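Novice: Protein chains in written order, with this note's numbering: chain A, 252 to 704; chain B, 4 to 95.
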């Protein structure tokens, strides 16, 4: 037999016991040809285009899932940033577009649709501003729509006017979804250096440089990596890195074969494969557990940033060898609410917001799914965003913030979101004010590129 | 028509009639066995088959269901997966 029985059983073990999955198949659809000054016509164009392209997305991914016997958890759509598409509309409010996206997503049966977005790193157009102001209504009146705003890049610097505005928008979105623990904020990401082809929500959108229709795949396997690391006998950190590399190679190959097959069947371009260790609330499927497997008593203690740096780098190295289409976010995600190990670490007091911020300088994305007290001032939220944007800008990497100021909750409480979003213990923020700093607005200039030391 | 090849794995507690039951379903669906290996690993009956389908209108979902149903009756877990799942994952 050409394939060794042990290899076959290893693959089956990864799926059955270690939660290996294709986390998401995301169809990116360009809406650039949908523009119209009349928003009703625009909405009609958008609905028609999405439902035409994505009509067979769910059916096809289900068939490919059966063929290979690997579960595909989410089917999603990302679209051209709506601020670009709706720029020409003279209406002051774009939330009707979000409702159209929601309806289209519902009708083709996908889990989420991303792209209620704007790219404002250097400044805002009238359309960008209208879109941002529509976010609280858009996210509180729809179920499947996700929104992202890119407010900083390494080349443009940080748009502090937008950062300041987003503090208010995050607060208002939380208030408008207060009856569900502020869940609207779980669908809103603020980015630095946002990638154009990200398959992971809530930050997915179909970038301006992308073709008409692409299939991007997100693969995830923290459980597999965790189990591989734990099975090593008294390894050095070099051995651990080697083991993670080999494991992520295998996981990436899996995603590649599935992504290419889905794209072929749907006659779409195959875009990227993003291997990210994205945890789920399931026991063992945890990034924190991998860090603890390396020898830390509890995630968040001294050494955590170093362990995460090792993990993130090894994942990228394994992935880069396995596929020529590896996406920009590949590495480890460290959302709090979605990771049982992170939740435990917060509850036992070993993991603070400050440590999480430090960890984001070496991880895939950033401050993700973190609940803070509902009474946190908007300026403090803006300041947390600004810090995270600065880390991304200076280090030439993607960073993001997805914070939930949980309405009516305080430190010691817990917010429940259910499903993949999990539950989040409310974490304390620094009590001292950042208001004056944030109110200054303007732009933090881009860092100098020549003197990198 | 390019033939499709599948890896079929059968894992469970050993008993009389597992091979007979599973291969009967395969024959019903015109699924040919290219290679077969069977061993007892950690007290578990483990059978791995490389199977080939030449028919153009092969209904994979119906075959998977029939195999899985047969497995339930025999008290074993039966999986049918395209060979690329394993080939791509472990080989460059």
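Glycine included, every Cβ here is placed at the ideal spot set by N, Cα and C.
Predicted model only: the values in this text are computed from it and were never measured.
Using a cut-off of 8 Å between C-beta atoms, extract the partners of residue 268 (chain A) located in chain B.
Specialist: For the purposes of this step, residue 268 (chain A) is taken as the residue at position 17 of the first chain. Near residue 268 (chain A) there are no residues of chain B at all, since even the closest Cβ is about 12 Å away, more than 8 Å.
Novice: With a Cβ-Cβ cutoff of 9 Å, do residue 464 (chain A) and residue 693 (chain A) count as a contact?
Specialist: Indexing the first chain from 1 puts residue 464 (chain A) at position 213. Indexing the first chain from 1 puts residue 693 (chain A) at position 442. Not closer than 9 Å, so no.
Novice: So what's residue 285 (chain A) in DSSP terms, helix, strand or just coil?
Specialist: Sequence index remark: in the first chain, residue 285 (chain A) carries index 34 (1-based). Residue 285 (chain A): helix per DSSP, three-state reduction.
Novice: Examine the Cβ distances between the segment 661-680 of chain A and the segment 387-401 of chain A and report whether three or more of them are shorter than 8 Å.
Specialist: In short, these stretches do not touch, since the Cβ pair count stays below three.
Novice: Leaving out five residues on either side along the sequence, give the residues of the same chain with a beta carbon under 8 Å from the beta carbon of residue 683 (chain A).
Specialist: As a working note, residue 683 (chain A) is residue 432 in the first chain. Counting only Cβ-Cβ distances below 8 Å, and skipping sequence neighbours, we find nothing.
Novice: Would you list, in sequence order, the uninterrupted alpha helix (DSSP H) runs of no fewer than 4 residues that lie entirely inside the segment 568-622 of chain A?
Specialist: Qualifying alpha helix (DSSP H) stretches, in chain order: 591-598, 604-610.
Novice: From the beta carbon of residue 27 (chain B), is the nearest beta carbon of chain A less than 9 Å away?
Specialist: Residue 27 (chain B) sits at position 24 when you count from the first residue of the second chain. Output row for residue 27 (chain B): interface = no.
Novice: Quick check on residue 483 (chain A) - is its C-beta less than 9 Å from some C-beta in chain B?
Specialist: As a working mapping, residue 483 (chain A) is identified with position 232 in the first chain. So no, residue 483 (chain A) is outside the interface.
Novice: Assuming residue 405 (chain A) and residue 641 (chain A) are in contact, meaning their beta carbons sit under 8 Å apart, how far apart are those beta carbons, in whole angstroms?
Specialist: If you number the first chain from 1, residue 405 (chain A) lands on position 154. If you number the first chain from 1, residue 641 (chain A) lands on position 390. The pair is not a contact, with the Cβ atoms about 11 Å apart (cut-off 8 Å).
Novice: Just the C-alpha distance for residue 31 (chain B) and residue 65 (chain B), rounded to the nearest angstrom, thanks.
Specialist: Here residue 31 (chain B) refers to the residue found at position 28 of the second chain. Here residue 65 (chain B) refers to the residue found at position 62 of the second chain. Cα-Cα distance, rounded: 12 Å.
Novice: Examine chain B for any beta-carbon lying closer than 9 Å to the beta-carbon of residue 606 (chain A), and answer yes or no.
Specialist: As a position in the first chain, residue 606 (chain A) is number 355, starting the count at 1. No, no contact with chain B.
Novice: Only counting the same chain, and skipping five residues up and downstream in sequence, which positions put a Cβ closer than 8 Å to that of residue 256 (chain A)?
Specialist: Walking along the first chain from the start, residue 256 (chain A) turns up at place 5. Nothing meets the Cβ criterion.
Novice: For a contact defined as C-beta to C-beta under 9 Å, what are the partners of residue 508 (chain A) on chain B?
Specialist: For the purposes of this step, residue 508 (chain A) is identified with residue 257 of the first chain, where counting begins at 1. Near residue 508 (chain A) (Cβ distances below 9 Å), the residues of chain B are 85, 87, 88, 90, 91, 92.
Novice: Does the Cβ-Cβ distance between residue 106 (chain B) and residue 16 (chain B) come in under 9 Å?
Specialist: The structure shown has nothing for residue 106 (chain B), since chain B only spans 4 to 95.
Novice: Using a C-beta cutoff of 9 Å, does residue 57 (chain B) count as contacting chain A?
Specialist: Reading the second chain from its first residue, position 54 is the one you call residue 57 (chain B). Output row for residue 57 (chain B): interface = no.
Novice: Would you call the segment 311-329 of chain A in contact with the segment 357-377 of chain A, where contact means no fewer than 3 C-beta pairs closer than 8 Å?
Specialist: Contact between the segment 311-329 of chain A and the segment 357-377 of chain A is present, because at least three Cβ pairs lie under 8 Å.
Novice: Does the distance from the C-beta atom of residue 613 (chain A) to that of residue 559 (chain A) stay below 9 Å?
Specialist: Along the first chain, one-based indexing puts residue 613 (chain A) at 362. Along the first chain, one-based indexing puts residue 559 (chain A) at 308. Against a cut-off of 9 Å, the Cβ pair of residue 559 (chain A) and residue 613 (chain A) comes out as a contact.
Novice: For residue 352 (chain A), count neighbouring Cβ atoms within 10 angstroms of its own Cβ and tell me buried if that reaches 16, exposed if not.
Specialist: Here residue 352 (chain A) is taken as the residue at index 101 of the first chain, counted from 1. The residue is buried, with at least 16 neighbouring Cβ atoms inside 10 Å.
Novice: Considering Cα atoms alone, identify which of A:587, A:425, A:281 is closest to residue 657 (chain A).
Specialist: Taking the first chain and counting its residues from 1, the one referred to as residue 657 (chain A) is at position 406. When each option's Cα is compared against that of residue 657 (chain A), the closest is A:425.
Novice: What first and last residue would you give for the beta strand (DSSP E) that runs through residue 15 (chain B)?
Specialist: Here residue 15 (chain B) corresponds to residue number 12 of the second chain, with the count starting at 1. Residue 15 (chain B) -> beta strand (DSSP E) spans 7-15.
Novice: Which residues in the same chain have their Cβ closer than 6 Å to the Cβ of residue 593 (chain A), if we skip the five residues on either side of it in sequence?
Specialist: On the first chain, position 342 is the one that residue 593 (chain A) refers to. Excluding sequence neighbours, residue 593 (chain A) sits near 539, 587.
Novice: Alpha carbons only, please: which of A:388, A:412, A:444, A:408 is nearest the one belonging to residue 427 (chain A)?
Specialist: What you label residue 427 (chain A) is simply residue 176 of the first chain in a count that begins at 1. When each option's Cα is compared against that of residue 427 (chain A), the closest is A:388.
Novice: Just mark residue 59 (chain B) as buried or exposed, buried being the case when its beta carbon has 16 or more other beta carbons within 10 Å.
Specialist: Residue mapping note: residue 59 (chain B) aligns to position 56 of the second chain, counting from 1. It counts as exposed.
Novice: Indicate whether the contact test is met: 3 or more Cβ pairs, each with one atom in the segment 431-446 of chain A and one in the segment 21-31 of chain B, closer than 8 Å.
Specialist: Too few Cβ pairs lie closer than 8 Å, so no.
Novice: Could you list which residues in chain B have their beta carbon closer than 8 Å to that of residue 238 (chain A), in chain order?
Specialist: With chain A covering 252 to 704 only, the question about residue 238 (chain A) has no answer from this structure.
Novice: Taking buried to mean at least 16 other C-beta atoms within 10 Å of its own C-beta, is residue 294 (chain A) buried or exposed?
Specialist: What you label residue 294 (chain A) is simply residue 43 of the first chain in a count that begins at 1. Classification for residue 294 (chain A): buried.
Novice: Quick check: is the beta carbon of residue 320 (chain A) nearer than 9 Å to any beta carbon in chain B?
Specialist: Numbered from 1 along the first chain, position 69 holds the residue referred to as residue 320 (chain A). Yes, its Cβ sits closer than 9 Å to a Cβ of chain B.
Novice: For residue 192 (chain A), count neighbouring Cβ atoms within 10 angstroms of its own Cβ and tell me buried if that reaches 16, exposed if not.
Specialist: Any answer about residue 192 (chain A) is impossible in this case: the structure gives chain A only from 252 up to 704.
Novice: Suppose only complete runs of 3+ residues qualify. What are the beta strand (DSSP E) ranges in the segment 503-532 of chain A, listed by chain order?
Specialist: Runs of the beta strand (DSSP E) inside the segment 503-532 of chain A: 520-528.
Novice: Using a Cβ-Cβ distance under 9 Å, would residue 381 (chain A) count as near chain B?
Specialist: Residue numbering aside, residue 381 (chain A) sits at position 130 when the first chain is read from its first letter. No, its Cβ sits nowhere closer than 9 Å to a Cβ of chain B.
Novice: Check whether chain A comes within 9 Å of residue 13 (chain B), counting only Cβ atoms and requiring the distance to be less than that.
Specialist: The residue given as residue 13 (chain B) occupies position 10 in the second chain. No - not a single Cβ of chain A is within 9 Å of the one on residue 13 (chain B).
Novice: So, for residue 664 (chain A): in the same chain, excluding its five sequence neighbours on each side, which residues have a beta-carbon less than 6 Å away from its beta-carbon?
Specialist: Numbered from 1 along the first chain, position 413 holds the residue referred to as residue 664 (chain A). Same-chain partners within the cutoff: 677.
Novice: Measure how close the beta-carbons of residue 470 (chain A) and residue 505 (chain A) come, nearest whole angstrom, since I'm counting them as under 8 Å.
Specialist: Residue 470 (chain A) sits at position 219 when you count from the first residue of the first chain. Residue 505 (chain A) sits at position 254 when you count from the first residue of the first chain. Yes, they are in contact, since the Cβ atoms of residue 470 (chain A) and residue 505 (chain A) sit about 6 Å apart, within 8 Å.
Novice: Alpha carbon to alpha carbon, how far is residue 651 (chain A) from residue 395 (chain A)? Give it in angstroms, no decimals.
Specialist: Sequence index remark: in the first chain, residue 395 (chain A) carries index 144 (1-based). Sequence index remark: in the first chain, residue 651 (chain A) carries index 400 (1-based). Cα to Cα, the separation comes out at about 20 Å.
Novice: Please tell me whether residue 77 (chain B) has its Cβ less than 9 Å away from any Cβ of chain A.
Specialist: Translated into the one-based positions of the second chain, residue 77 (chain B) becomes position 74. By this cut-off, residue 77 (chain B) is not an interface position.
Novice: Could you pull the DSSP bridge partners for residue 404 (chain A) from this structure?
Specialist: Residue numbering aside, residue 404 (chain A) sits at position 153 when the first chain is read from its first letter. The partner list for residue 404 (chain A) (beta bridge, DSSP) reads A:408.
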